[in-house]
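Everything below concerns the one structure shown next.
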Amino acid sequence: MKSQLTYEDMKNIVGQINQRNYDYDEPFLNVVDKILDNSEGKHVQTLPLLL
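End of the sequence shown sits at 81 in this note's numbering; the numbers just go up one at a time, nothing left out.
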C-alpha cells in the first residue's frame, strides 16, 4: 500500500522549503527528497503531484 501525504504533511514540507537555503538549481523533487530524508523518521513512498 502506498503512503499518501496529507495536507498537513505538504504544508510542513513547503514550510521547510521556505525556511531553508536549498540550492534551487536542483530539481524540485530532489529538494523534497532531502527534506523527507531529514524529516523525523517519516518515510513517504509516493509524492502526489498537486497540479
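Positions of the beta carbon are idealized from the N, C-alpha and C atoms, including for glycine.
On the three-state DSSP scale, how would you describe residue i?
i: Leu59; result: helix
Please go through the same chain and pick out, in chain order, the residues whose beta-carbon is closer than 6 Å to the beta-carbon of residue i, but skip the five residues on each side of it.
i: Gln46; result: Ile65
For the alpha helix (DSSP H) holding residue i, just list the boundary residues, first then last.
i: Gln46; result: Tyr37 to Gln49
Whose C-alpha, out of the options, is nearest the C-alpha of residue i?
i: Val62; options: Asp39, Tyr37 and Ile43; result: Ile43
Counting contacts by CB-CB distance shorter than 9 Å, is residue i in contact with chain C?
i: Ile43; result: Absent from the structure is chain C; it holds one protein chain and no more.
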